[in-house]
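Each residue of the sequence shown is one higher than the one before, counting from 162 in our numbering. Backbone N, C-alpha and C fix where the C-beta goes; we use that ideal spot for every residue, glycine too. The structure presented is a predicted model; accordingly, all values stated were derived computationally and were not measured.
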Amino acid sequence: MNSSDRKTKAYHVLLMKHKPEALVIGAGPAGSYAALNLAKLGVPTTVFEEHPEIGVPSHCAGHLSIRSLGKMGLYPLPYHIVENEFSKANFYSPTGFRFSVHLKQPVTCTVNRTLFDKFLAEKAEAAGARFLLNTRVKSLILDEGFVRGVRIKEDEETREIFSKTVVDAEGISSRVLRETSLSTLKTSSVVYGVEADAENVRNVEHDAVEVFLGKAYASGFYGWLIPRRDGTAKVGLATTGNPKESFQKLKDKHPVASEQLSTAKITNLSFHPISLGGPISQTYTNGFLAVGDAASQVKPTTGGGVVFGMTCAKIAAEIVYNAIQKNDLSENFLRLYQKRCEEIWSFDVKVMLRIRKTLNTISDKKIEKAMRFCSRIGLDKTLGNIEEIDFQGQTFLKVLKKPAIVAVFAYFVLLYLSANP
Ligand SMILES: Cc1cc2nc3c(=O)[nH]c(=O)nc-3n(C[C@H](O)[C@H](O)[C@H](O)COP(=O)(O)OP(=O)(O)OC[C@H]3O[C@@H](n4cnc5c(N)ncnc54)[C@H](O)[C@@H]3O)c2cc1C
């Protein structure tokens with residue numbers, strides 16, 4: 162046993178003697194951000210992460226809104242975490258027609274997700290949260306309809322850790338959620354993502370994100386190419402079909418992507434699902450809250466889950482703190498968590514679900530027509546002049562006066578530029 166194993170074991174013994182008030186399952190952005198906010202409020206918090214290293218493996222493009230990060234007090238991030246910033250996005254139809262929006266200043270960035278996750282965990286640890294790596298939560302401790310803690314696996318032994326609340330931040334797998342009475346995410350709304358690194362890409366603008374639309378290459382979602390400052394790029398897509406085959410097709414056949422990737426060396430391919438069905442119908446029960454991908458807190462249009470999950474995780478932390486103060490961890494009190502999340506997201510999620518549905522049903526021909534029309538009416542210039550692109554469903558209402566498909570495309574572009582993917 163090495164010294165870090167000894168430290169971990171000693172801490173497990175300590176844990177059993179001194180009951181933490183909040184246990185967080187998973188050290189992804191939602192889990193660590195919940196832990197950071199709980200610790201800042203003085204709630205003794207322990208985070209369990211099944212992997213030996215935070216942020217590894219990574220399966221995310223890390224494309225985030227600068228403004229949203231700023232609102233959370235997280236931007237500017239340390240330079241080494243931010244791989245690039247973007248003031249431009251190029252959207253391509255399957256025939257290669259390009260619709261570009263160029264803004265005056267960078268609105269999105271791409272972060273190294275491993276470093277970003279570590280950064281959040283370090284902040285949480287500095288605020289007082291404890292992290293136990295290499296520690297998988299096996300199951301929940303349930304008693305009289307209340308979640309009372311978790312069972313962890315350690316050295317082939319199972320240990321029980323009791324606490325006042327459990328925050329489930331397991332990610333899309335959400336295994337513990339199935340032990341509660343809560344319904345899990347809609348599997349029919351899941352798309353399958355692939356993300357990879359590309360060296361030697363060609364004809365790529367350093368300040369522009371490339372977005373490849375159309376069923377022909379990425380049915381039910383889209384493909385992307387995100388250049389890094391160092392000349393490499395992140396490339397990927399998500400689809401309702403086979404992600405490996407779709408990726409190969411994008412790389413070999415797409416009129417623009419195949420050219421950009423013709424000399425590229427593709428490495429680090431990883432596969433992971435994305436839930437586009439909107440948040441699960443109930444995200445809390447007695448002594449338990451689900452945050453992030455575990456609660457399907459992901460944008461149905463663009464699949465962006467980092468900011469959405471973290472925003473909800475902060476609310477979860479505040480509600481847990483209030484619940485502990487009032488000594489009421491019942492679902493009746495914890496329902497405030499969902500109420501506050503819905504105040505922020507509910508309208509937008511409804512609009513985004515409609516847009517996703519429309520995008521999924523329209524043909525590639527129609528998408529192309531809409532893009533050409535948007536270009537003819539100068540929508541690219543209009544969007545480029547928007548000083549503050551905000552992530553608000555209300556914005557959609559303004560473009561609704563246009564033909565429906567044009568409005569849907571325009572709003573998708575807006576969402577892409579404001580947050581995403
Ligand atoms: C290909 C792809 C590209 C994407 N690109 C973007 C993007 O550009 N921008 C964006 O905003 N979103 C993107 N997303 C979505 C984003 O990755 C997720 O929404 C985000 O990672 C969710 O964070 P989370 O903390 O909820 O879960 P996760 O990041 O999945 O973290 C969950 C953590 O819990 C741990 N864990 C799980 N079970 C247990 C257990 N039982 N015990 C202990 N630990 C456990 C896991 O090891 C993991 O560390 C992308 C997704 C995919 C698949």
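Contacting residues, own chain, Cβ-Cβ under 7 angstroms from residue i (five flanking each side not counted)
{"i": "Ala455", "result": "Asp329, Ala330, Glu331, Gly332, Ser335 and Leu338"}
{"i": "Thr256", "result": "Pro416 and Glu529"}
{"i": "Glu492", "result": "Tyr445, Thr446 and Asn447"}
{"i": "Ile550", "result": "Because Ile550 carries a pLDDT of 45, less than 50, the predicted location of this residue cannot be relied on, and the following value inherits that uncertainty. Within the same chain, Ile550 has close Cβ partners Val268, Leu575, Leu578 and Ser579."}
{"i": "Met523", "result": "Just to set this straight, residue 523 is Ile in the shown sequence, not Met. The answer, listed in chain order, is Ile566."}
{"i": "Gly306", "result": "Asn447"}
{"i": "Arg274", "result": "Gly216, Ser219, Cys221 and Gly223"}
{"i": "Leu490", "result": "Lys325, Thr326, Asn447, Gly448 and Ala484"}
{"i": "Ser350", "result": "Ser436, Leu437 and Gly438"}
{"i": "Leu430", "result": "Val355 and Ala357"}
{"i": "Tyr597", "result": "For the chain, the structure presents residues 162 to 582; residue 597 sits outside this window and is missing."}
{"i": "Thr543", "result": "none"}
CB of residue i within 8 angstroms of CB of residue j, strictly
{"i": "Pro270", "j": "Glu356", "result": "Note that residue 270 is Cys in the sequence shown, not Pro. Cβ distance not < 8 angstroms, so Cys270 and Glu356 don't count as in contact."}
{"i": "Asp541", "j": "Val370", "result": "no"}
{"i": "Phe252", "j": "Met532", "result": "yes"}
{"i": "Phe277", "j": "Pro205", "result": "no"}
{"i": "Thr326", "j": "Thr446", "result": "no"}
{"i": "Leu264", "j": "Gly439", "result": "no"}
{"i": "Ala282", "j": "Ile215", "result": "yes"}
{"i": "Arg363", "j": "Glu244", "result": "no"}
{"i": "Ser219", "j": "Val268", "result": "no"}
{"i": "Ser344", "j": "Ser457", "result": "no"}
{"i": "Ala474", "j": "Val452", "result": "yes"}
{"i": "Lys412", "j": "Asp358", "result": "no"}
{"i": "Asp525", "j": "Ala377", "result": "yes"}
{"i": "Val272", "j": "Ile242", "result": "yes"}
{"i": "Ile516", "j": "Val468", "result": "no"}
{"i": "Gly375", "j": "Trp385", "result": "no"}
{"i": "Ile505", "j": "Thr472", "result": "yes"}
Close-in-space but distant-in-sequence residues of the same chain around residue i (CB under 6 angstroms, 5 per side omitted)
{"i": "Ile435", "result": "Val352, Gly354, Ala399 and Gly464"}
{"i": "Leu197", "result": "Lys284, Ala285 and Ala288"}
{"i": "Lys347", "result": "Gly438"}
{"i": "Phe557", "result": "At Phe557 the pLDDT is 49, less than 50, meaning the model places this residue with poor confidence; the figure from the coordinates comes in the next sentence. For Phe557, where only same-chain residues beyond five positions count, the Cβ hits under 6 angstroms are Val512 and Tyr572."}
{"i": "Asn581", "result": "Only weak support exists for where Asn581 lies, its pLDDT of 45 falling under 50; the value from the coordinates is given anyway. If we look at Asn581 and ignore the five residues flanking it on each side, its Cβ neighbours are His224, Thr463 and Gly465."}
{"i": "Leu303", "result": "none"}
{"i": "Glu548", "result": "The predicted position of Glu548 is uncertain, since its pLDDT is 48 and thus under 50; a value taken from the coordinates is nonetheless stated next. Answer for Glu548: no residue qualifies."}
Cβ neighbours of residue i in the same chain (closer than 8 angstroms, five flanking residues each side left out)
{"i": "Asn295", "result": "Thr169, Glu210, Glu211, His212 and Pro213"}
{"i": "Pro181", "result": "Pro205, Thr206, Thr207, Arg291, Ile322 and Ser324"}
{"i": "Thr319", "result": "Lys299, Arg312 and Ile313"}
{"i": "Lys249", "result": "Ser261, Val262, His263, Leu264, Glu366, Asp368, Ala369 and Val370"}
{"i": "Lys518", "result": "none"}
{"i": "Leu615", "result": "Absent from the model: residue 615. The displayed extent of the chain is 162 to 582, so no value can be given."}
{"i": "Gln595", "result": "Any question about residue 595 goes unanswered here, given that the chain covers just 162 to 582."}
{"i": "Arg259", "result": "Asn251, Phe252, Tyr253 and Val417"}
Cβ distance (whole Å) where residue i is taken to contact residue j below 8 angstroms
{"i": "Asn521", "j": "Ala425", "result": "Contact flag wrong, Cβ pair sits at about 29 angstroms."}
{"i": "Phe449", "j": "Val308", "result": "4 angstroms"}
{"i": "Leu238", "j": "Phe280", "result": "7 angstroms"}
{"i": "Pro461", "j": "Leu497", "result": "Actually they are not in contact, since the Cβ atoms of Pro461 and Leu497 sit about 24 angstroms apart, beyond 8 angstroms."}
Hey, which unbroken runs of the beta strand (DSSP E) at 3 residues or more fall wholly within the region 347-422? Taken in chain order, the unbroken stretches of beta strand (DSSP E) that lie wholly in the region 347-422 and span 3 residues or more are 351-360, 369-373, 384-388 and 394-400.
Which runs of the alpha helix (DSSP H) fall wholly inside the region 464-502 and span at least 4 residues, in chain order? 467-487
Within the chosen definition, does the region 376-386 reach the region 396-413 through at least 3 CB pairs nearer than 8 angstroms? When Cβ pairs closer than 8 angstroms are counted between the two stretches, the region 376-386 is seen to touch the region 396-413, the count reaching three or more.
Within 8 angstroms, do at least three Cβ pairs link the region 479-491 to the region 189-209? Contact between the region 189-209 and the region 479-491 is present, because at least three Cβ pairs lie under 8 angstroms.
Residue ranges of each beta strand (DSSP E) run of no fewer than 3 residues wholly in the region 190-222, ordered along the chain? 206-209
Residue ranges of each beta strand (DSSP E) within the region 255-309, 3 or longer: 259-263, 269-272, 291-293 and 297-304
Those runs of the alpha helix (DSSP H) which lie wholly inside the region 501-551 and span at least 4 residues: As for any alpha helix (DSSP H) of minimum length 4 sitting wholly inside the region 501-551, the runs are 525-537 and 540-546, ordered along the chain.
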